[in-house]
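Visitor: This structure is in structure tokens; I'll ask about it shortly.
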Amino acid sequence: MSEKPITLTGGLLAGLALLSAAGPFSIDMYLPGLPQLGRDLATTNAQLTLSGFMIGMATGQLIIGVLSDTFGRKRFIISGAALALITSLLCAIAPNIGILIAARFLQGLGSGACVVLARSIIPDITSGVAAAKAFSWMGIISGIAPAAAPVLGSLLVSSLGWRGIFYVLAGIAAAQLLVALFVIPETRPPANRTPLSFGSFTAVIKEPVFVRYALVVGFGFASMFAYISASSFVMQEIMGLSPQIFALVFGTNALGLMMGGALNTRLLDRFPAAAILKIALIIMTVAATIVLVCALTGLPRIPFFLALFFAVMPLSLVMGNATALAVAAVRTRAGSASSVMGFGQFLLAGLVSPLVGMVGGSQAVGMGVCMVGAAVVAVMMFVLARRAD
458 MSEKPITLTG
468 GLLAGLALLS
478 AAGPFSIDMY
488 LPGLPQLGRD
498 LATTNAQLTL
508 SGFMIGMATG
518 QLIIGVLSDT
528 FGRKRFIISG
538 AALALITSLL
548 CAIAPNIGIL
558 IAARFLQGLG
568 SGACVVLARS
578 IIPDITSGVA
588 AAKAFSWMGI
598 ISGIAPAAAP
608 VLGSLLVSSL
618 GWRGIFYVLA
628 GIAAAQLLVA
638 LFVIPETRPP
648 ANRTPLSFGS
658 FTAVIKEPVF
668 VRYALVVGFG
678 FASMFAYISA
688 SSFVMQEIMG
698 LSPQIFALVF
708 GTNALGLMMG
718 GALNTRLLDR
728 FPAAAILKIA
738 LIIMTVAATI
748 VLVCALTGLP
758 RIPFFLALFF
768 AVMPLSLVMG
778 NATALAVAAV
788 RTRAGSASSV
798 MGFGQFLLAG
808 LVSPLVGMVG
818 GSQAVGMGVC
828 MVGAAVVAVM
838 MFVLARRAD
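Under our numbering, the first residue of the sequence shown carries the number 458, and numbering increases by one thereafter.
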């Protein structure tokens, strides 16, 4: 008896979006609490909790994607959501920065499984322009997380302290676990599974088009993460914004991500994904350069905030189109491809966080330098991908 085809319904897409929002929720919600966290635990290494989470995300995606090609998607989504739930509670009661960093790493492992498998399921059931649109819609829906998370985080910091944020993250992980159990189908039936072989990584890495588009995704995300990792310190400690005003500024930029995703779905009806990606990368690079100039000249607020908005907004177009173009090059190995992409994306993001504090002499200049540098590399990778395509 043949398997009944799975349709990408609105409900399924919303469920995948919630799973893919595991990262934004776990990153953006506690940004307003980073200064308080550092004071409470008497540490200057609060940003390393970001790096720990991102490296955990990278590791989880690298391992789980290829395993899911062999053993199916659903069981790993369930396990990942359960791990995220348990470790969120551990983060909430962590007595020192060392345990918190370790717990954040494990939380990243679980969240990484949710993210990579949400991305793997789309090419399991659709392809081409439909897949690019699905990735964009998933980005729009999951974009609610980075828009709402810092606002909610600032309220929680004011009322419950930074630990309260992790109890809320545990609740979100519980919702993701319910979605994994009751909404997400198995999209990798036994007939479509491949033998377990980490040689799948070799196969996708040998495809130059995939590698270069994957690096576009990775460095594009790293550019934004330079902003994410430094924004709470730059805006609250240097510019003197309150946690609530910071959350509004951060949320506005997150809404820009959603706007970019919505725009992308319309543009794909008229233009090729590669053409849209090219323009988005140019806008992102120019805006990041303006951010750096503002940082070097004393952070004039209006140009600085506008440049940040236009440095962040195109990322939805970059991520959606570059992901679709990368996966299209190795569609029969979607799980392994998603693993490699996710590993590179979050490893680069984890590395850029401490790098921001090491260059430029200040958090603001370091943020600008890293944003520009990553954006320029993303443009270079796009040019090389087009030559190989």
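No residue lacks a Cβ here, since even glycine has one placed at the ideal position from N, Cα and C.
Given the structure is predicted, the values throughout are model-derived calculations rather than measurements.
1) Between which two residues does the alpha helix (DSSP H) harbouring I695 extend?
2) Decide if the stretch 548 to 557 is in contact with the stretch 822 to 834; the criterion is three or more beta carbon pairs, one per stretch, under 8 Å apart.
3) Hey, could you find the ends of the alpha helix (DSSP H) Y684 is sitting in?
4) Compare the Cα-Cα distances from I601 to each of G801, V743, M741, M715 and report the closest residue.
5) Just reading off the alpha helix (DSSP H) that R561 is part of, what are its end residues?
6) Identify which residue in F839, A794, G830 has its Cα closest to the Cα of D526.
7) Please report the distance separating the alpha-carbon of A842 from that of Q633.
8) Can you give me the Cβ contacts of A589 inside the same chain, cut-off strictly under 7 Å, excluding the 5 residues immediately before and after it?
9) For the alpha helix (DSSP H) containing L505, list its first residue and its last residue.
10) Give me the residue from W619, F482, G830 with the minimum Cα distance to A631.
11) Can you check which of these residues, I554, V748, M511, is closest to L494 by C-alpha distance?
12) Excluding the 5 residues flanking S459 on each side, which residues of the same chain have their C-beta closer than 7 Å to its C-beta?
13) Give the DSSP-derived three-state secondary structure of L498 in the structure shown.
14) Does the stretch 528 to 539 come close enough to the stretch 614 to 628 that 3 or more CB-CB pairs lie under 8 Å?
15) Less than 6 Å between C-beta atoms, sequence neighbours within five positions excluded: which residues of the same chain meet that for V829?
16) Quick one: is R645 buried, meaning 16 or more other Cβ sit within 10 Å of its Cβ, or exposed?
17) When DSSP labels each residue in this structure, what does S819 get in the three-state scheme?
18) Under the assumption that C751 contacts F761 (Cβ atoms under 8 Å), give the Cβ distance between them as a whole number of angstroms.
19) May I have the straight-line CA-CA distance separating F800 from F676, to the nearest angstrom?
20) Alpha carbons only, please: which of S680, M681, F682, F707 is nearest the one belonging to Q693?
21) Are I463 and P642 closer than 8 Å when you measure CB to CB?
22) What three-state label does DSSP hand G814 in the structure shown?
23) From the DSSP output, in three-state form, read off T651 for me.
24) Spell out whether any CB of chain C is found under 8 Å from the CB atom of S793.
25) From this set, I512, R758, V673, R650, which residue's C-alpha is nearest L849's C-alpha?
26) By the three-class DSSP mapping on this structure, what secondary structure does I535 have?
27) Under 8 Å, do V809 and A831 count as touching if we go by C-beta distance?
28) A499: buried (16+ other C-beta within 10 angstroms of its C-beta) or exposed?
Guide: In terms of the structure at hand:
1) Run containing I695: none; DSSP gives neither H nor E here.
2) no
3) 665 to 689
4) M715
5) 554 to 582
6) A794
7) 35 Å
8) L725, A730, G777, N778, A781
9) 505 to 528
10) F482
11) I554
12) Unreliable positioning characterises S459 in this predicted model, as indicated by a pLDDT of 47, which lies under 50. The coordinate reading is nonetheless provided below. Hits under 7 Å: none found.
13) coil
14) no
15) A745, T746, L749
16) buried
17) coil
18) 4 Å
19) 12 Å
20) F707
21) yes
22) coil
23) coil
24) Among the protein chains of the structure shown there is no chain C, as only one such chain exists.
25) Nothing in the structure corresponds to residue 849, since the chain is present only between 458 and 846.
26) helix
27) yes
28) exposed
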